[in-house]
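**Student:**
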Amino acid sequence: EKIPYPDIPITDPELVPYIAQLDRLSFHAHLESIVGEPLHEQIETAIEQYCWSSLGASSKEVSAAAGVNFYAAEFGGIAVLPGGNSRIAERVFERLAQSLPVQNLRSGSLVFDVSVGKDGVRVAYLEGSGAIRSILAKCVVMACPKFVAAKLINGLEPERLESIKQLTYRSYLVANVCIEGGYDDPFYDLYMLGKGTIEKGDTRTAANARGVTDVIIGNYAKADSNNTVLTLYRGLPYDGARAELYLPGSYKTYRAQFEEQITKEILPLLKIEKGRVKDIRLARWGHPLVVPKPGLISSKNIANIRKPFKDRVFFVEQDNWALPAFETSVTEALLWAPKIAARLA
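For the sequence shown, the working numbering gives the first residue as 1, with consecutive numbering after it.
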């Protein structure tokens, strides 16, 4: 019997009961129920580390609906753009620049208040120059995490605020290793399973002992014989990690850990001489990974956080469905775009 793919966001009503059933179990429990015994330690290691870097949590923390959605997709076709997802952001900017006056693109501005009134939505923001300004809009699209939206929008309904409180977010680190020269055996993603076992203890201890879990050829889609970029992912799949990143000296600490693993493990594995490394660029903030806990995707919380606010404020973000995927945002954008366009007409 063919097993359906748990497509999330849910666009097929017939899949709702199946996804709800999966959503009740953790990914780890679901897999063990299939094999009928504890997972082999190497398989468990692969699954666990995959969840750390992709979902920001242990396989025992994420729902089977989210886990199967993510992991099964790894065995299908993968679209890889030159420069990764940044190319999509560049293309969005190009399209906007073609259709809007240049003064309408205010990327150096920081919004601090969104208020809905009878005549529209008042958006207050701080310019890069330090000046405070506001714009009256017909409608607004909130393409930011819900924990940020909750602090910006005035008068949100109590049930929406309560649903937003149910969301947990995690962090991850990214390092781009700039290598001189090309690479003869390019690959998309290399999982760093080490000895195939997980350090004993809690998730925090195990994840910090492992460090980098994924190595990606950053210029895989457009190889360059002169330069190679290795993109390294290190998930921080535990509560409190964001606070750790703010500690004095955290950059120095994490950079030293990256450099040690790069030098002792990653470069020898790929047969790349240390002298070819020209730079290591470390970033501590990617998109915050919302954790798809068991029961969350099939709960009423999803409807509460997705619905437009007063028919003027729309929400388009990965956490609309508590699923930290680029595809989540794209699907939501395609769904809400006609409704937003109608509101602007």
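A virtual CB, placed ideally from N, CA and C, is assigned to each residue, including glycine.
Everything numeric in this text was worked out from a predicted model, so none of it was measured.
Cβ atoms of A137 and T155: under 7 angstroms apart, would you say?
**Tutor:** As a first step, residue 155 is located in the sequence shown; it is residue number 155 there, counting from the start. As a first step, residue 137 is located in the sequence shown; it is residue number 137 there, counting from the start. Position check: residue 155 holds Gly in this sequence, whereas Thr was assumed. Not a contact, by the Cβ cut-off of 7 angstroms.
**Student:** Could you tell me the boundaries of the beta strand (DSSP E) in which R122 lies?
**Tutor:** In the sequence shown, residue 122 corresponds to position 122, counting from 1. Counting along the chain, the beta strand (DSSP E) containing R122 begins and ends at 120 to 126.
**Student:** Which two residues bound the contiguous beta strand (DSSP E) that contains G235?
**Tutor:** On the sequence shown, residue 235 is found 235 positions in, with the first residue counted as 1. Where G235 is concerned, the enclosing beta strand (DSSP E) stretches over 227 to 236.
**Student:** Can you give the beta carbon distance from S63 to E48, rounded, assuming they're within the 8 angstroms contact cut?
**Tutor:** For the purposes of this step, residue 63 is taken as residue 63 along the sequence shown, with counting starting at 1. For the purposes of this step, residue 48 is taken as residue 48 along the sequence shown, with counting starting at 1. No, S63 and E48 are not in contact; Cβ-Cβ is about 15 angstroms, not under 8 angstroms.
**Student:** In the structure shown, what three-state DSSP assignment does I217 receive?
**Tutor:** One-based indexing of the sequence shown puts residue 217 at position 217. Looking at I217 - three-state DSSP - the assignment turns out to be strand.
**Student:** Can you give the beta carbon distance from W363 to P9, rounded, assuming they're within the 8 angstroms contact cut?
**Tutor:** With the chain covering only 1 through 345, there is no way to say anything about residue 363.
**Student:** For Y172, write down the residues that DSSP places opposite it in a beta bridge.
**Tutor:** As a first step, residue 172 is located in the sequence shown; it is residue number 172 there, counting from the start. Looking at the DSSP assignment, Y172 forms a beta bridge with G235.
**Student:** Cβ of D189 within 7 angstroms of Cβ of I216?
**Tutor:** As a first step, residue 189 is located in the sequence shown; it is residue number 189 there, counting from the start. As a first step, residue 216 is located in the sequence shown; it is residue number 216 there, counting from the start. Against a cut-off of 7 angstroms, the Cβ pair of I216 and D189 comes out as a contact.
**Student:** From which residue to which residue does the beta strand (DSSP E) around D12 run?
**Tutor:** Residue numbering aside, residue 12 sits at position 12 when the sequence shown is read from its first letter. Here D12 belongs to no beta strand (DSSP E), and DSSP marks it neither H nor E.
**Student:** Under a three-way DSSP split, which group does R95 fall into?
**Tutor:** The residue you call residue 95 lines up with position 95 of the sequence shown. R95: helix per DSSP, three-state reduction.
**Student:** Which term fits K146, buried or exposed, when burial requires 16 or more other beta carbons within 10 angstroms of its beta carbon?
**Tutor:** Indexing the sequence shown from 1 puts residue 146 at position 146. By the 10 Å Cβ count, K146 comes out buried.
**Student:** Alpha helix (DSSP H) containing V62: first to last residue?
**Tutor:** Working through the sequence shown from its first residue, we reach residue 62 at position 62. Where V62 is concerned, there is no enclosing alpha helix (DSSP H), given that its DSSP letter is neither H nor E.
**Student:** Could you check the C-alpha separation between G295 and Q21 for me, to the nearest Å?
**Tutor:** Numbered from 1 along the sequence shown, position 295 holds the residue referred to as residue 295. Numbered from 1 along the sequence shown, position 21 holds the residue referred to as residue 21. Taking the straight line joining both Cα atoms gives about 9 angstroms.
**Student:** Which of the three DSSP states is assigned to V319 in this structure?
**Tutor:** If you number the sequence shown from 1, residue 319 lands on position 319. With the sequence shown as reference, residue 319 is identified as Asp, and Val is not the correct amino acid for it. D319: helix per DSSP, three-state reduction.
**Student:** Which first and last residues belong to the alpha helix (DSSP H) in which K300 is found?
**Tutor:** Sequence index remark: in the sequence shown, residue 300 carries index 300 (1-based). Where K300 is concerned, the enclosing alpha helix (DSSP H) stretches over 300 to 306.
**Student:** Measure the C-alpha to C-alpha separation of N208 and A57 and round it to an integer number of angstroms.
**Tutor:** Numbered from its first residue, the sequence shown carries residue 208 at position 208. Numbered from its first residue, the sequence shown carries residue 57 at position 57. So the two alpha carbons sit approximately 13 angstroms from each other.
**Student:** Quick check on the DSSP output: the alpha helix (DSSP H) that includes K252 runs from which residue to which?
**Tutor:** Residue numbering aside, residue 252 sits at position 252 when the sequence shown is read from its first letter. Residues 250 to 261.
**Student:** Can you look up E41 in the DSSP assignment and give me helix, strand or coil?
**Tutor:** Locating residue 41 in the sequence shown gives position 41, counting from the first residue. Helix, per DSSP.
**Student:** Label E61 either buried or exposed according to how many other C-beta atoms from any shown protein chain fall within 10 Å of its C-beta, with 16 as the threshold for buried.
**Tutor:** Locating residue 61 in the sequence shown gives position 61, counting from the first residue. The residue is buried, with at least 16 neighbouring Cβ atoms inside 10 Å.
**Student:** Quick one: using the 10 Å Cβ neighbour count with 16 as the cut-off for buried, is P237 buried or exposed?
**Tutor:** Counting from one through the sequence shown, the residue named residue 237 turns up at place 237. Result: buried.
**Student:** Quick one, are the C-beta atoms of V80 and Y220 less than 7 angstroms apart?
**Tutor:** The residue labelled residue 80 in the question sits at position 80 within the sequence shown. The residue labelled residue 220 in the question sits at position 220 within the sequence shown. Yes, the pair counts as a contact, with Cβ atoms nearer than the cut-off.
**Student:** Is it the case that the Cβ atoms of V174 and A283 are separated by a distance below 7 angstroms?
**Tutor:** Residue mapping note: residue 174 aligns to position 174 of the sequence shown, counting from 1. Residue mapping note: residue 283 aligns to position 283 of the sequence shown, counting from 1. Yes, the Cβ-Cβ distance between V174 and A283 is below 7 angstroms.
**Student:** Does the beta-carbon distance from P6 to A65 come in below 7 angstroms?
**Tutor:** The residue you call residue 6 lines up with position 6 of the sequence shown. The residue you call residue 65 lines up with position 65 of the sequence shown. Their beta carbons are under 7 angstroms apart, which means P6 touches A65 by this criterion.
**Student:** What residue from V330, D311, I340 has the CA that sits closest to S115's CA?
**Tutor:** Counted from its first residue, the sequence shown places residue 115 at position 115. Per the Cα distances, D311.
**Student:** Since Y246 is in the beta strand (DSSP E), which residue starts that stretch and which ends it?
**Tutor:** The sequence position of residue 246 within the sequence shown is 246, counting from 1. Where Y246 is concerned, there is no enclosing beta strand (DSSP E), although the alpha helix (DSSP H) it sits in stretches over 241 to 246.
**Student:** DSSP three-state call for V330: helix, strand or coil?
**Tutor:** By 1-based counting over the sequence shown, the position of residue 330 is 330. DSSP places V330 in helix when its eight states are reduced to three.
**Student:** Please report the distance separating the alpha-carbon of P4 from that of R276.
**Tutor:** As a first step, residue 4 must be located in the sequence shown, where it is residue number 4. As a first step, residue 276 must be located in the sequence shown, where it is residue number 276. Cα to Cα, the separation comes out at about 46 angstroms.
**Student:** Quick one: complete beta strand (DSSP E) runs, 3+ long, within the segment 260 to 298?
**Tutor:** Here the runs fully enclosed are 277 to 283.
**Student:** Return yes when the Cβ of T228 is within less than 7 angstroms of the Cβ of I179, no when it is not.
**Tutor:** As a first step, residue 179 is located in the sequence shown; it is residue number 179 there, counting from the start. As a first step, residue 228 is located in the sequence shown; it is residue number 228 there, counting from the start. The answer is yes: Cβ separation under 7 angstroms.
**Student:** Span of the beta strand (DSSP E) holding F112?
**Tutor:** As a working note, residue 112 is residue 112 in the sequence shown. Unbroken beta strand (DSSP E) run through F112: 110 to 117.
**Student:** Per DSSP, L167 is paired with what?
**Tutor:** Along the sequence shown, read from residue 1 onward, the residue named residue 167 stands at position 167. In DSSP, L167 forms no bridge with anything.
**Student:** Enumerate in chain order the residues of its own chain whose CB-to-CB distance from S163 is below 6 angstroms, with the five nearest sequence positions on each side excluded.
**Tutor:** Here the question's residue 163 lines up with position 163 in the sequence shown. For S163, where only same-chain residues beyond five positions count, the Cβ hits under 6 angstroms are N301, N304, I305.
**Student:** Can you name the start and end residues of the alpha helix (DSSP H) that I34 belongs to?
**Tutor:** Counting from one through the sequence shown, the residue named residue 34 turns up at place 34. Segment 27 to 35, the alpha helix (DSSP H) holding I34.
**Student:** Count the CB pairs spanning the segment 285 to 293 and the segment 123 to 131 that are closer than 8 angstroms, and state whether there are at least three.
**Tutor:** Touching, no, given that fewer than three Cβ pairs across the two stretches are closer than 8 angstroms.
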